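Worksheet: one structure, shown below.
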Amino acid sequence: MDVLKVLYDEFKLDKKHIKNAIDLLDEGNTIPFIARYRKEVTGEMQDSVLRDLFNRLTYLRNLESKKEEVIRLIDEQGKLTDELKNEITKAITLQ
1083 MDVLKVLYDE
1093 FKLDKKHIKN
1103 AIDLLDEGNT
1113 IPFIARYRKE
1123 VTGEMQDSVL
1133 RDLFNRLTYL
1143 RNLESKKEEV
1153 IRLIDEQGKL
1163 TDELKNEITK
1173 AITLQ
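Counting from 1 along the sequence shown, just add 1082 to a position and that's the residue number in the numbering used here.
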């Protein structure tokens, strides 16, 4: 799953602004700091939008990590089939 594409589709915001916001968050900047002092690079995203973006980004990254772990564990048991791997890879929720 392409995490950035999912975020673009869900938030319907400029791709450049979403990418910039993610980069700023990944660099350790806080949401209030980004909302106040980095408006020009995020398209003036409000702190509530930044918080929603951060929460969704965290969820999607955790989902990707969990899928990789599940695939690895099943493969170690010798029970991983191509069909099962595809089903796990296509999953969009943790449930």
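From the three backbone atoms N, C-alpha and C, an ideal C-beta is built for every residue, glycine too. The structure displayed is predicted, hence computed values, not measured ones.
{"Asked": "What beta strand (DSSP E) runs, 3 residues minimum, are completely inside the stretch 1091–1137?", "Found": "none"}
{"Asked": "Where V1131 and T1171 are concerned, what is the direct C-alpha to C-alpha distance, given to the nearest angstrom?", "Found": "28 angstroms"}
{"Asked": "Grouping DSSP H, G and I as helix and E and B as strand, with all else coil, what is T1163?", "Found": "coil"}
{"Asked": "How would you call I1174, buried or exposed, if buried means at least 16 neighbouring beta carbons within 10 angstroms?", "Found": "exposed"}
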